[in-house]
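In what follows, a single structure is set out as structure tokens and then discussed.
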Amino acid sequence: MENNMMRERILHEFESRFGSEPSFYASAGRINLIGEHTDYNGGFVFPGAIDKVIMAAIAPNGSDRVRVVSLDLDEEAEFGLREEDAPSQSWARYVFGVCREIQKRGGKVKGFDAVFSGDVPLGAGLSSSAALESCFAYALNDIFNGNSIDKLELARIGQSTEHNYCGVNCGIMDQFASVMGKKGKLIRLDCRSMDFEYFPFAPEDYELILVDSRVKHELADSPYNKRRESCERVAGRLGVETLRDATEEMLESVRGEISDEDYRRAKFVIEEKERVLGVSDALKEGDYERVGELMYATHRGLSKDYEVSCEELDFLNDVAKECGVTGSRIMGGGFGGCTINLVRKDLRDRFVETAVSRFKEKYGHEPKVYPVVISDGARKLS
Ligand code: GLA
């Protein structure tokens, strides 16, 4: 949706419901070039914010109650700001969680009215939930705290919201990318030290295309948390804080003492750490063919060892390979959602047509296709 149209619809709803004058904020969904399931293992990730956002109109209402409208769901929630006031609607718990996490850190949140909408596809692995959290965290920091909470902490507020109010024991990647994203730049983040570096990403001959299987992915109560538990078990067995500090040799040395499943999960994470570093080097040299090889290797690992792919995504990956696409892999938490494809521009149309028609023939519905436009993260709109 054109952002101006979204803004008009939000403003119209806000004025008719609340009658006051709001400020506007937005935050973005994200892609990740490589480095999957590494964030909660202290490893490296390579995300960027995209041009799909959650946008909110917000104004303090002078009370101690929060009234929020989700325009897309056509639902309203009202809640107080104490722990026992948690709303029941799952979407509203993201907003409530952000308020509570700000308060827990000594920040201020008072009553406010809000209307939000968005065009980040839900359940597609593009982190609509991180966009929602970052949008509200950024806004409430601006409105009630004079922007005194730093941006990294805003990302942590979103992550803690997932942990404490939404049942997903996620890493920091999504919220970090959503808050810190910059137009035209990917971010290589070291999730142990939280050091990061912006990488300009605008290859002349290639583009990034997302193909959304439309298999819905729902991380709450999902095998996502189980994957994390496997990693923590192996790290514990190896006596290291996270798998970031583990090597293949160390893993081999305990192979007989851990389950085959835990072994394969840890093997993927250890290999993936090296792949992200390989991609950083290849990007610096402009070697996109190497980037692509590493993306395919990640897909194999996510599918065979980490087991977070599904038939539809493996099929899309095979079609990409057959079409000669440079790199392709499942993106995000998994269990559905998108593949991310690094495609030569001259191959783009043929790949998209083939992927859409072959997928439809096999599964009866068309996948959605989105070109990736690397964009800004959380912000106040003027
Ligand atoms: C989800 C989580 C992230 C990350 C990815 C997998 O998107 O929210 O923290 O673990 O899965 O890389």
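Under my numbering, the residue at position 59 of the sequence shown is numbered 48, and the numbers go up by one with no gaps. Just so you know, even glycine gets a beta-carbon here, dropped at the ideal spot from N, CA and C. Here the structure is a predicted model, which means the values were calculated and not measured.
Q) By how many angstroms is the C-alpha of residue 220 removed from the C-alpha of residue 291? A) Distance between the alpha carbons of residue 291 and residue 220: 14 Å.
Q. Roughly how many angstroms lie between the CA atoms of residue 126 and residue 231, to the nearest whole one?
A. Residue 231 has its alpha-carbon roughly 28 Å from the corresponding atom of residue 126.
Q) Using the rule of at least 16 other Cβ atoms within 10 Å of the residue's Cβ for burial, across every protein chain shown, is residue 301 buried or exposed? A) Under a 10 Å Cβ-count criterion, residue 301 is classified as buried, with 16 or more other Cβ atoms of the shown protein chains found around its own Cβ.
(Q) Determine, for residue 307, whether the minimum Cβ-Cβ distance to residues of chain B falls below 8 Å. (A) Within the model displayed, chain B is absent; a lone protein chain is all it includes.
(Q) On the DSSP bridge list, what partners appear for residue 14? (A) 45, 369
(Q) So, with DSSP's three-state summary, where would you put residue 294? (A) helix
**Q.** Proximal residues to residue 41 (C-beta, below 6 Å), its chain only, five neighbours per side dropped
**A.** 18, 108, 109
Q) How about the segment 27 to 39 and the segment 178 to 188: do they share at least three Cβ pairs that are nearer than 8 Å? A) Counting C-beta pairs with one atom in each stretch, the segment 27 to 39 and the segment 178 to 188 have three or more that are closer than 8 Å, which means they touch.
Q: Within the segment 264 to 347, note down every full beta strand (DSSP E) run reaching 3 residues or more, in order along the chain.
A: 316 to 319, 327 to 333
(Q) Alpha carbons only, please: which of 98, 76, 254, 191 is nearest the one belonging to residue 333? (A) 191
Q) Do the segment 194 to 206 and the segment 0 to 10 meet, that is, are 3 or more Cβ pairs less than 8 Å apart? A) Segments in contact, no.
Q.
What ranges does the beta strand (DSSP E) occupy inside the segment 127 to 169, keeping only unbroken runs of at least 3 residues that lie completely in it?
A. none
**Q.** Residues sharing a beta bridge with residue 23, DSSP
**A.** BP columns for residue 23 are empty, so no partner.
**Q.** Of the listed residues 26, -7, 39, nearest to residue 260 (C-alpha basis)
**A.** 26
**Q.** Distance between residue 172 and residue 363 (C-alpha atoms, nearest Å)
**A.** 5 Å
Q. So, using beta-carbon positions, are residue 167 and residue 119 closer together than 8 Å?
A. yes
Q) Say the cut is 7 Å; is the CB of residue 26 nearer than that to a heavy atom of the ligand GLA? A) yes
Q. With distances taken from CA atoms, which of 24, -8, 21, 50 is nearest residue 11?
A. Minimum Cα distance to residue 11 is reached at 50.
Q: Could you please give me the residues that DSSP links to residue 174 through a beta bridge?
A: Secondary-structure assignment with DSSP links residue 174 through a beta bridge to 171, 189.
Q: Taking only heavy atoms of the ligand GLA into account, decide whether any of them is closer than 7 Å to the Cβ of residue 159.
A: yes
Q. Quick one: what does DSSP say residue 230 is sitting in, helix, strand or coil?
A. coil
Q | Endpoints, the beta strand (DSSP E) within which residue 97 is located | A | Counting along the chain, residue 97 falls outside any beta strand (DSSP E), and DSSP gives it neither H nor E.
Q | Residues that residue 106 bridges to, as DSSP identifies them | A | 44
Q: Spell out the partners DSSP gives residue 357 in its beta bridges.
A: 201
Q. In angstroms, rounded to a whole number, what distance separates the CA positions of residue 275 and residue 24?
A. 19 Å
Q | Runs of beta strand (DSSP E) lying entirely within the segment 52 to 99, each at least 3 residues, in chain order | A | 55 to 59, 64 to 68
Q: Can you tell me which of 284, 47, 148 puts its alpha carbon nearest to the alpha carbon of residue 83?
A: If we check each option's Cα against that of residue 83, 148 comes out closest.
Q: With DSSP collapsed to three states, give me the class of residue 179.
A: strand
Q) Which partner residues of residue 37 appear in the DSSP bridge assignment? A) Residue 37 pairs with 20.
Q | Cβ-based burial, residue 424 [other Cβ within 10 Å; buried from 16] | A | This structure cannot speak to residue 424, because the chain is shown only from -10 to 371.
Q: Pick helix, strand or coil for residue 247, following the three-state DSSP scheme.
A: coil
Q: Thinking residue 104 and residue 45 are a contact (beta carbons under 8 Å), I'd like their distance in whole angstroms, please.
A: 7 Å
Q. What are the start and end residues of the alpha helix (DSSP H) that includes residue 240?
A. 237 to 242
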